[in-house]
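Colleague:
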Ligand SMILES: [Ca+2]
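Residue numbers (our numbering): 88 to 230.
1) CA-CA distance, residue 99 and residue 105?
2) Tell me which same chain residues have a C-beta within less than 8 Å of the C-beta of residue 165, skipping the five on either side of it?
3) Taking just the CA atoms, how far does residue 117 sit from residue 215?
4) For ligand 1, which residues count as neighbours when the test is a C-beta closer than 5 Å to any heavy atom?
5) Which residues share a DSSP beta bridge with residue 99?
6) What is the DSSP secondary structure of residue 116, reduced to helix, strand or coil?
7) Is the region 201 to 217 close to the region 166 to 175, with three or more CB pairs under 8 Å?
8) What runs of the alpha helix (DSSP H), each 4 residues or longer, lie entirely inside the region 120 to 191?
9) Just to confirm my understanding: we take residue 203, look at its own chain, exclude 5 residues before and 5 after, and list those with CB closer than 7 Å. What are they?
10) Taking 8 Å as the cut-off, does the region 143 to 154 touch the region 177 to 191 (at least 3 CB pairs, one atom from each stretch)?
11) Can you list, in chain order, the residues of its chain with a C-beta nearer than 7 Å to that of residue 109? Leave out the 5 residues immediately preceding and following it.
12) Residue 210 lies in the alpha helix (DSSP H); which residues open and close that run?
13) Measuring CA to CA, which of 219, 171 and 151 is closest to residue 96?
This is how it looks when you write it as structure tokens:
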């Protein structure tokens, strides 16, 4: 509803994409994720470590045939494995496995940035744990 006119109806459409909008393309080259008169949109399937661009366009029943476009906004999803890594997940891929053990053994007791027995014990205690990239919770790998 338009706060300036109780009779007019404002409708909005929200577009989302991983590239900046291309104003020469239909839907700006983006995906239409919400439309009509709702005041929120739920987005699923976002990919970690990815920048998304979004914009909204509006129509006003008092101004038929006209579309108004808002500014382009952006946000970047985080990689939970980097921000909240599992203990022992040395390559930050959300799993404590052989790849991490290879990294640890390659730098075993190195004078700088080397790994010692306590890091090996931490890794062993978290062996084959994986982080769910959506919930950020650890659990057995493969589930
Ligand atoms: Ca890992």
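Here a beta-carbon is modelled for each residue, glycine too, at the ideal position from N, C-alpha and C.
Modeller: Taking the coordinates as given:
1) The residue you call residue 99 lines up with position 12 of the chain shown. The residue you call residue 105 lines up with position 18 of the chain shown. The alpha-carbon atoms of residue 99 and residue 105 are separated by roughly 20 Å.
2) Position 78 of the chain shown holds residue 165. Cβ neighbours of residue 165 beyond the five flanking positions: 135 and 136.
3) Position 128 of the chain shown, counting from 1, holds the residue named residue 215. Position 30 of the chain shown, counting from 1, holds the residue named residue 117. One C-alpha to the other measures close to 38 Å.
4) 176, 178, 180, 182 and 187
5) As a first step, residue 99 is located in the chain shown; it is residue number 12 there, counting from the start. Note: residue 99 sits in a beta bridge opposite 145.
6) The count along the chain shown starts at 1 and reaches residue 116 at position 29. Three-state DSSP puts residue 116 in a helix.
7) yes
8) 167 to 170
9) To locate residue 203, count along the chain shown from 1; it is residue 116. Here the set comprises 196.
10) no
11) Residue 109 sits at position 22 when you count from the first residue of the chain shown. Within the same chain, residue 109 has close Cβ partners 115 and 116.
12) Translated into the one-based positions of the chain shown, residue 210 becomes position 123. Unbroken alpha helix (DSSP H) run through residue 210: 204 to 212.
13) As a first step, residue 96 is located in the chain shown; it is residue number 9 there, counting from the start. Comparing Cα-Cα distances from residue 96 to each of 219, 171 and 151, the minimum goes to 151.
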